[in-house]
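These protein sequences, in sequence, are chains A and B. Add 25 to a position in the first sequence, counting from 1, and you land on the number used in the working numbering. Add 25 to a position in the second sequence, counting from 1, and you land on the number used in the working numbering. No residue lacks a Cβ here, since even glycine has one placed at the ideal position from N, Cα and C. The structure presented is a predicted model; accordingly, all values stated were derived computationally and were not measured. What follows is a short report on a single structure.
2 protein chains.
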Amino acid sequence: MTAMHTSEDELEAVLAASWEAFEVWSASTAQRRAAALTEIAARLDAAADDLVPIALRETNLDEARLRSEVSRTTFQLRLFAEVVREGAYLDPRIDHADATWQAGAGRPDIRRALEPLGPVLVFTASNFPFAFSVAGGDTASALASGCSVVVKAHSGHPELSRATAEVVSAALDLVQAPAGLFSLVFGTETGRTALTDPRVRAGSFTGSIQGGRALFDLANSRPDPIPFFAEMGSINPTFVTRAADRRRGEQIAEGFLASMTLGSGQFCTKPGLLALPRGSQTLARLRSLTRPATGRLLNERLREGYLRTLGDLVARPEIEVIGERARAFSDPPEPIILMSDVAHAIRDPESLLIECFGPASLVVLYDHEDELLALARTLDGQLTATIHAESEDDVTELIRLLARRSGRLLWNQWPTGVAVTYAQQHGGPYPATTVAGSTSVGTAAIGRFLRPVAYQGFPDERLPPALKEGNPLRLSRRVDGALQI
Amino acid sequence: MTAMHTSEDELEAVLAASWEAFEVWSASTAQRRAAALTEIAARLDAAADDLVPIALRETNLDEARLRSEVSRTTFQLRLFAEVVREGAYLDPRIDHADATWQAGAGRPDIRRALEPLGPVLVFTASNFPFAFSVAGGDTASALASGCSVVVKAHSGHPELSRATAEVVSAALDLVQAPAGLFSLVFGTETGRTALTDPRVRAGSFTGSIQGGRALFDLANSRPDPIPFFAEMGSINPTFVTRAADRRRGEQIAEGFLASMTLGSGQFCTKPGLLALPRGSQTLARLRSLTRPATGRLLNERLREGYLRTLGDLVARPEIEVIGERARAFSDPPEPIILMSDVAHAIRDPESLLIECFGPASLVVLYDHEDELLALARTLDGQLTATIHAESEDDVTELIRLLARRSGRLLWNQWPTGVAVTYAQQHGGPYPATTVAGSTSVGTAAIGRFLRPVAYQGFPDERLPPALKEGNPLRLSRRVDGALQI
């Protein structure tokens, strides 16, 4: 795999090795998996000076951002190591045999815990070349859970992908992980071929709705469909009440502008829709604020897509541009804010409420706060939804409507910056993702590559360690229905 | 809906009411949902004398079995009520804001818990007219989790479906649940139309691979795909070591015959494949045992399918019939045991290792125990896999291989009889189910109709009760990474 292309023979070797490595890795101890994750983290931190310059060349992102992304990536790997050591993610449940159970029907001894799915195919993202790429969240959670990993490199940063993969592989060699546990492949067709291979047991993706849906459909078209976790599009609506607008208009305008232009607006959590009252303080301030300079877009393909979507939007009669229009189409693009009415957005959401991946957002104006509820009802699945309100506002119904439609709700904050924590939820109903029950950020992400297996009537010495009577791993478990820490 | 047919207008009314009921029910307290479940259970128990005779007429199942199934069904409803009252199924996680988190990048206050998906469409099973039908497991877990339910009645027991639905509705009226929370519809096309309706947010199914796959494909073909939990086919392989065969051949033969003929072999966990050593004691005993009388099959459609599959199998040159063949094709059918070699099964698994839904199973003979590993590697996804072995047997690799391919492993027991418990897992890799991470029996089944929602930076009074700082619901929660009971 010296060239940026993977041949059919090379892919066959990768998949065969990945399956064999899975057989070994799935039976490895938590200590061993944790050690591998921390070793990868240490080596990535040590290699940052080599990797960041490659990323600078390939992505148009700036150095400070890239360095902080490396740090986020290695933090994530180490956090998964902790999750693995703790072991509660296995959700171990033990029911002792009980002849009195179910009105005398009785129950046998049954013990259940989660086990890894198998080789995982990870389609990486363009906009986070470290944190959602070769050594990113999906790779970390797959390795943590006992799966092997085949990464399909993003065409936007092939050199960085290869260099990162070398660091990961060296770390895995050092901890004597099985050969083939982690591999990198190149090419769109290679990715599609791998996704339909029977040895691949799950897939994940971060990118556009079009790309994610095509792969989701492919995964489901298999003779044996596999879970496919695609994180796709979101306009991340923000709702500002009249009271909040009046009291904190300046602050909201500044926060919004900063959030929508972060990373040149190429975040999946960019606030792409801002609902404001007519006569808004926030809007007045937005008109006068100096727009921050944004960097060039990640690559030419994304730039073309952005300019096409933006061009369609500004051409619509119900949309007005705040400020100057021309420089939004230059390279690098200047941030651009579009404006329309809530009523228009509700009438034609498929044209107006669309993701525009770059430094553009749409402000929609309302006359009555009831229109916010109607707007919320118009929305499809979102990664995030944000409310800016004051303590006297009655937004109970708005919160309820938005909770139905999104994975994360924010109160008087901004959705960009997805912290890697225990309670994080980065997901949401379709089209935000294809699996609303899953997250791609945070410790709960380890669940996506696992499934439950129950053992009935097994002698103690034949049980997996997590389910043995004496609890040798000292796990929190549910025993006869009661949680035990 | 007086006739056994649901018109388009009736379906529209059902779905509109289901959506409205969901809006109310999803915000209901745990107490209210638990009360509804226990009321349904009480009314079903009280109505057993009316319902069982209808089931007798429609299903060919006997009274003792049907009465015990009612009891299982109401036990299940009451157990879900307990799960709801306990509340740990919400998996509440609280991360307090922490500026030192992630090497100073910091984290905001984020709190996450599971919330219900929306109206659920339940396609019921033919073989458990109570426990996997109108008031069965999926209805119980959907109502428990805060979803509304539309049940598509099985054509095999329409009168019973209607009578059961009346009992459920009366119970829900009594506890003043919202109108439309639970509905029954009839007709294959009605089911397909409902599954593609945007108001339906999840589906479940129990039945054949063909039927389940068609609905799974339909659910995924939607503009907004929804989770579809189909529990389908499984041959539930059983592996007997030479030592176990020698020591307990008689007992294994008796256990196998009892398990494979239970419910006339119409259980999704029927042991359909039994691997025995050549010269087997078990086989000798099987040849001499009197076959138990089995009842008529559930309905004419299933009987035709069974006879067709069985006919194909007995016509194969590599298959021998143990005992008499003719009465296996009579009505009611006599149990039939087929015999072949492990080598044949491995050579042509698609012809030989298929589910035959009725009182028929295939015995395959091996010369060396290594063949058991090869046979295990041949298997696709299974609900269960069973090992009969002795303490001196080395079956570590066999256990590992079977754990990869099934949802539940049994040791010296039989797979029929799926106890409703905390640790139960009734599921498995495709084609056993379409979602290997889920179960349709046991308390973990409540998870299938839920998804996580995170709240970031919310004032305490705006948070759902499960996530409030003071823990008013007294739930087990994960706070700043640590489990707290």
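Helix, strand or coil at residue i [DSSP, three-state]
i                : result
ILE119 (chain A) : strand
GLN306 (chain A) : helix
LEU206 (chain B) : coil
VAL388 (chain B) : strand
ILE135 (chain A) : strand
LEU314 (chain A) : coil
Contact with chain A by residue i, beta-carbon distance below 9 Å
i                : result
TRP436 (chain B) : yes
LEU323 (chain B) : no
PHE292 (chain B) : no
ALA469 (chain B) : yes
TYR391 (chain B) : no
GLU107 (chain B) : yes
SER96 (chain B)  : yes
SER416 (chain B) : yes
ARG217 (chain B) : no
PHE254 (chain B) : no
GLY131 (chain B) : yes
ILE510 (chain B) : yes
ARG68 (chain B)  : no
ASP116 (chain B) : yes
PRO490 (chain B) : no
PHE100 (chain B) : yes
Spatial neighbours of residue i in its chain, beta-carbon cut-off 6 Å, leaving aside the 5 residues before and after
i                : result
ASN324 (chain B) : GLY181
ALA457 (chain B) : SER259, GLY406, GLN407 and LEU408
PHE241 (chain B) : PHE253, ALA255 and THR459
LYS177 (chain B) : PHE148, VAL210 and GLY216
Any C-beta of chain B under 9 Å from that of residue i
i                : result
ILE371 (chain A) : no
MET26 (chain A)  : For MET26 (chain A), the predicted model reports a pLDDT of 42, less than 50, meaning its position is unreliable; a value from the coordinates is still stated below. Output row for MET26 (chain A): interface = no.
ALA190 (chain A) : no
GLU48 (chain A)  : yes
ASN245 (chain A) : yes
ASP356 (chain A) : no
GLY236 (chain A) : no
PHE148 (chain A) : no
Own chain partners of residue i with C-beta closer than 7 Å, once the 5 adjacent residues on each side are dropped
i                : result
PRO223 (chain A) : ASP249
LEU69 (chain A)  : VAL95, THR98, THR99, ALA160 and VAL192
ALA428 (chain A) : LEU434
HIS121 (chain A) : ASP134 and ASP505
Amino acids of chain B, ordered along the chain, whose beta-carbon sits closer than 9 Å to that of residue i
i                : result
GLU140 (chain A) : ALA428 and ARG429
ARG273 (chain A) : The premise fails here: ARG273 (chain A) is roughly 14 Å from chain B at the closest Cβ pair, so nothing lies under 9 Å.
THR464 (chain A) : ARG137, PRO477 and ALA479
ALA52 (chain A)  : ARG425
Residues of its chain near residue i, where Cβ-Cβ distance is below 8 Å and the 5 sequence neighbours each way are ignored
i                : result
THR27 (chain A)  : Since pLDDT at THR27 (chain A) reaches only 46, below the 50 mark, its modelled position is unreliable, and no value is offered.
GLU345 (chain A) : LEU363, MET364 and SER365
GLU509 (chain A) : Here residue 509 (chain A) is Gln; the residue named in the question, Glu, does not match the sequence. Around GLN509 (chain A): SER501, ARG502 and ARG503.
8 Å Cβ cut-off: residues of chain B touching residue i
i                : result
ASP405 (chain A) : ASP249
TRP126 (chain A) : ALA444 and THR446
PRO456 (chain A) : ASP249
Whole-angstrom C-beta distance between residue j and residue i, which should lie under 8 Å
i                : j                : result
THR263 (chain A) : HIS413 (chain A) : 7 Å
ASN437 (chain A) : GLY482 (chain B) : 6 Å
THR441 (chain A) : LYS295 (chain A) : 6 Å
GLY467 (chain A) : TYR447 (chain A) : 7 Å
GLN13 (chain A)  : ALA59 (chain A)  : Look at the range of chain A in this structure, 26 to 510, and you will see that residue 13 (chain A) is not part of it.
8 Å Cβ cut-off: residues of chain A touching residue i
i                : result
ARG499 (chain B) : Within chain A, no residue comes near ARG499 (chain B); the closest Cβ sits about 13 Å away, beyond 8 Å.
SER284 (chain B) : Residues of chain A passing the Cβ test: none, with the nearest at roughly 13 Å.
THR459 (chain B) : PRO250
GLN449 (chain B) : ASP120, ILE135, ARG137 and ALA479
Residue i: contacting residues in chain A (beta-carbon distance under 9 Å)
i                : result
ARG92 (chain B)  : Simply none; closest approach about 11 Å.
ALA113 (chain B) : ARG503 and LEU508
PHE10 (chain B)  : Residue 10 (chain B) is absent from the model: chain B starts at 26 and stops at 510.
Under 7 Å by beta carbon: chain A residues contacting residue i
i                : result
PHE24 (chain B)  : Outside the shown range of chain B, which is 26 to 510, sits residue 24 (chain B), and nothing can be said about it.
ARG487 (chain B) : ILE424 and TRP436
Partner residues on chain B for residue i, Cβ-Cβ distance less than 7 Å
i                : result
GLY482 (chain A) : LEU435, TRP436, ASN437 and GLN438
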